[in-house]
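Data block below; observations after.
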Amino acid sequence: MGRSRVSFVLTVAASCSVLMGYAQTPTPSPRAGTPGGRRILTGWGGGKADDVVPKAAAVGFRELVVHHENAGNFARFIELGKQHEIDIYAWLYLGDLPAWKKAFPEHPPPVQVMNSEENAALERIKADQSVGKSQYQFGGEPVGITEVLLTPLLCFHDPRVLEAFKKQIGEMLSVPGVKGVAFDYIGYQNYRCCRCTQSQNRLATYRRQHVELTEEQSLARFSLETLVAFNNLLSAHARTVKPDAKVITHVYPVYLPEPLYGNRLDLDVCGQTAAWFFAPFWSLDKIREYARTISGEGKRYHRRPDGAALIGYYNSPEKYPVKSRERLTAELQAILDGGCPRVHVCSFNHVLKSSVAEEVFRAFFGRSAER
Numbered sequence: 000m001g002r003s004r005v006s007f008v009l010t011v012a013a014s015c016s017v018l019m020g021y022a023q024t025p026t027p028s029p030r031a032g033t034p035g036g037r038r039i040l041t042g043w044g045g046g047k048a049d050d051v052v053p054k055a056a057a058v059g060f061r062e063l064v065v066h067h068e069n070a071g072n073f074a075r076f077i078e079l080g081k082q083h084e085i086d087i088y089a090w091l092y093l094g095d096l097p098a099w100k101k102a103f104p105e106h107p108p109p110v111q112v113m114n115s116e117e118n119a120a121l122e123r124i125k126a127d128q129s130v131g132k133s134q135y136q137f138g139g140e141p142v143g144i145t146e147v148l149l150t151p152l153l154c155f156h157d158p159r160v161l162e163a164f165k166k167q168i169g170e171m172l173s174v175p176g177v178k179g180v181a182f183d184y185i186g187y188q189n190y191r192c193c194r195c196t197q198s199q200n201r202l203a204t205y206r207r208q209h210v211e212l213t214e215e216q217s218l219a220r221f222s223l224e225t226l227v228a229f230n231n232l233l234s235a236h237a238r239t240v241k242p243d244a245k246v247i248t249h250v251y252p253v254y255l256p257e258p259l260y261g262n263r264l265d266l267d268v269c270g271q272t273a274a275w276f277f278a279p280f281w282s283l284d285k286i287r288e289y290a291r292t293i294s295g296e297g298k299r300y301h302r303r304p305d306g307a308a309l310i311g312y313y314n315s316p317e318k319y320p321v322k323s324r325e326r327l328t329a330e331l332q333a334i335l336d337g338g339c340p341r342v343h344v345c346s347f348n349h350v351l352k353s354s355v356a357e358e359v360f361r362a363f364f365g366r367s368a369e370r
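Just so you know, numbering that gives the first Met the number 0 puts 79 at position 80 of the sequence shown, and the rest follows in order with no gaps.
And the structure:
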């Protein structure tokens, strides 16, 4: 989720033109019933490289996604990553207003626009100081009334946004030893669309070209097609900058008309949420089903991508319920039983500050647990 996702969580040609409840169960064996495939654990987070990388290696992380702005710390992540066989990715996210200002310092950022109801929801969510924040899901699938993302996002219907992030990708991939780039926060603040003037003008053109669609259908298709196109254009650009660079993503925030659209993205690994952070925790059946779709349909549209299932883990018991050892074990087992050996977790920092979480992830992904 963004510049430290945890802090934000809580406080091609045609495309170019479009541009739950949980009942505790006995702890399953992390080896039982697991489909084949090498397990790869990817973590999203931050911190000081010297504090993080050795501990991450001991748990079994193979990839880490971190921010690149602190050049010394980022270089140290890469240096230590090589020593511990961990690949390092630079984190790119659509809420990065400084990236816009760096590319276009004389122009205000074209942030996404919402309607009055959505803006009212934003103010309500900001004002909610209750423990658990009334089950607000911070960009995951909502469980109650209207939700929107707290983080303002740039509108990728403005072509300058694509140019700004192309420049940033060039900067990221110029760092020696970096494995690639990781996309995050590429979506809509209201989980459906952008209502700015440029977006609405482009939508109107789209509707004239697709008169067979209802207004609701055309909005959903336009929003999805341009969202997919933006991802794919950035991914293709990364490969032109550095042909051996890898591009991975976490599909976030949720796109409500089609939550699991990630297999439409032409990149190397598409992480999609299989088990969200916050209560009410998702049922194990849902986790298993999502993992099966994420992995089994990962190459439905493109040959390149592998699917990865993201599990959210946040350890701040004074604010939100923390997943127990049993719960974490059950969620990870459900993901593996769904046939998805690639797992992303955010935040790796919260895993590393909990001996319980470390033990659970090590049992599934530690070097000694490998086949």
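Backbone N, C-alpha and C define an ideal beta-carbon position, used for all residues, glycine too. Owing to the predicted nature of the structure, the values given are computational and were not obtained by experimental measurement.
- Task: Just the C-alpha distance for residue 251 and residue 226, rounded to the nearest angstrom, thanks.
- Result: Here the question's residue 251 lines up with position 252 in the sequence shown. Here the question's residue 226 lines up with position 227 in the sequence shown. Cα-Cα distance, rounded: 11 Å.
- With a cut-off of 8 Å, do at least 3 Cβ pairs link the region 178 to 191 to the region 82 to 95? yes
- Message: In this structure, how does DSSP classify residue 342 when only helix, strand and coil are distinguished?
- Response: Locating residue 342 in the sequence shown gives position 343, counting from the first residue. In this structure, residue 342 counts as strand in the three-state DSSP scheme.
- Cβ-based burial, residue 432 [other Cβ within 10 Å; buried from 16]: It is not possible to answer for residue 432, since the shown part of the chain is limited to 0 through 370.
- Tell me whether residue 249 sits in a helix, a strand or coil according to DSSP, three-state version. Locating residue 249 in the sequence shown gives position 250, where the first residue counts as 1. Note: residue 249 maps to strand in three-state DSSP.
- Message: Assuming contact is defined by CB atoms lying nearer than 8 Å, are residue 85 and residue 68 in contact in what I supplied?
- Response: Position 86 of the sequence shown holds residue 85. Position 69 of the sequence shown holds residue 68. No, they are not a contact pair.
- Query: Which runs of the beta strand (DSSP E) spanning at least 3 residues fall entirely within the region 144 to 186, listed in chain order?
  - Reply: 179 to 183
- Message: Please return the same chain residues whose Cβ sits closer than 6 Å to the Cβ of residue 202, not counting the five positions on each side in sequence.
- Response: As a position in the sequence shown, residue 202 is number 203, starting the count at 1. Once the five neighbours on either side are set aside, the close Cβ partners of residue 202 are 221.
- Message: Nearest by alpha-carbon distance to residue 347: which of 340, 360, 240, 228 is it?
- Response: Residue 347 sits at position 348 when you count from the first residue of the sequence shown. For the residues 340, 360, 240, 228, the minimum Cα distance to residue 347 belongs to 360.
- Task: Thinking residue 280 and residue 322 are a contact (beta carbons under 8 Å), I'd like their distance in whole angstroms, please.
- Result: Taking the sequence shown and counting its residues from 1, the one referred to as residue 280 is at position 281. Taking the sequence shown and counting its residues from 1, the one referred to as residue 322 is at position 323. So it is a contact: roughly 7 Å between Cβ atoms.
- With DSSP run on the structure shown, which of helix, strand or coil describes residue 291? Locating residue 291 in the sequence shown gives position 292, where the first residue counts as 1. Residue state, collapsed to three classes: helix.
- Query: CB-CB under 7 Å to residue 32, same chain, minus the five flanking residues each way: which ones, in chain order?
  - Reply: Here residue 32 is taken as the residue at index 33 of the sequence shown, counted from 1. At residue 32 the pLDDT is 36, less than 50, meaning the model places this residue with poor confidence; the figure from the coordinates comes in the next sentence. The residues are 336.
- Would you be able to state if there are at least three C-beta pairs under 8 Å between the region 143 to 157 and the region 109 to 117? yes
- Please report the residue range of the beta strand (DSSP E) in which residue 305 lies. In the sequence shown, counting from the first residue as 1, residue 305 sits at position 306. Residue 305 -> beta strand (DSSP E) spans 305 to 311.
- Query: Is the distance from the Cβ of residue 307 to the Cβ of residue 343 below 8 Å?
  - Reply: Sequence index remark: in the sequence shown, residue 307 carries index 308 (1-based). Sequence index remark: in the sequence shown, residue 343 carries index 344 (1-based). In this structure, residue 343 lies closer than 8 Å to residue 307 by Cβ.
- On the DSSP bridge assignment, give the partners of residue 333 in chain order. Your numbering for residue 333 matches position 334 in the sequence shown. Residue 333 is not bridged to any residue.
- Three-state class that DSSP yields for residue 89 in the structure shown: Here residue 89 refers to the residue found at position 90 when the sequence shown is read from its first residue. If DSSP states are grouped into helix, strand and coil, residue 89 belongs with the strands.
- Message: Just to confirm the assignment, what range does the beta strand (DSSP E) spanning residue 41 have?
- Response: By one-based count along the sequence shown, residue 41 stands at place 42. Looking at the DSSP string, the run of the beta strand (DSSP E) that includes residue 41 is 39 to 43.
- Task: Can you give me the start and stop residues for the beta strand (DSSP E) that residue 74 sits inside?
- Result: Sequence index remark: in the sequence shown, residue 74 carries index 75 (1-based). Residue 74 -> not in any beta strand (DSSP E); alpha helix (DSSP H) instead, spanning 70 to 82.
- Message: I need the boundaries of the alpha helix (DSSP H) containing residue 122, first residue and last residue.
- Response: As a first step, residue 122 must be located in the sequence shown, where it is residue number 123. Note, residue 122: alpha helix (DSSP H), 115 to 126.
- Sequence-distant residues of the same chain with beta carbon closer than 8 Å to residue 365, five excluded per side: Taking the first residue of the sequence shown as 1, we reach residue 365 at position 366. These residues qualify, in order along the chain: 57, 58, 59.
- Query: Which residues bound the alpha helix (DSSP H) around residue 357?
  - Reply: On the sequence shown, residue 357 is found 358 positions in, with the first residue counted as 1. Residue 357 -> alpha helix (DSSP H) spans 354 to 364.
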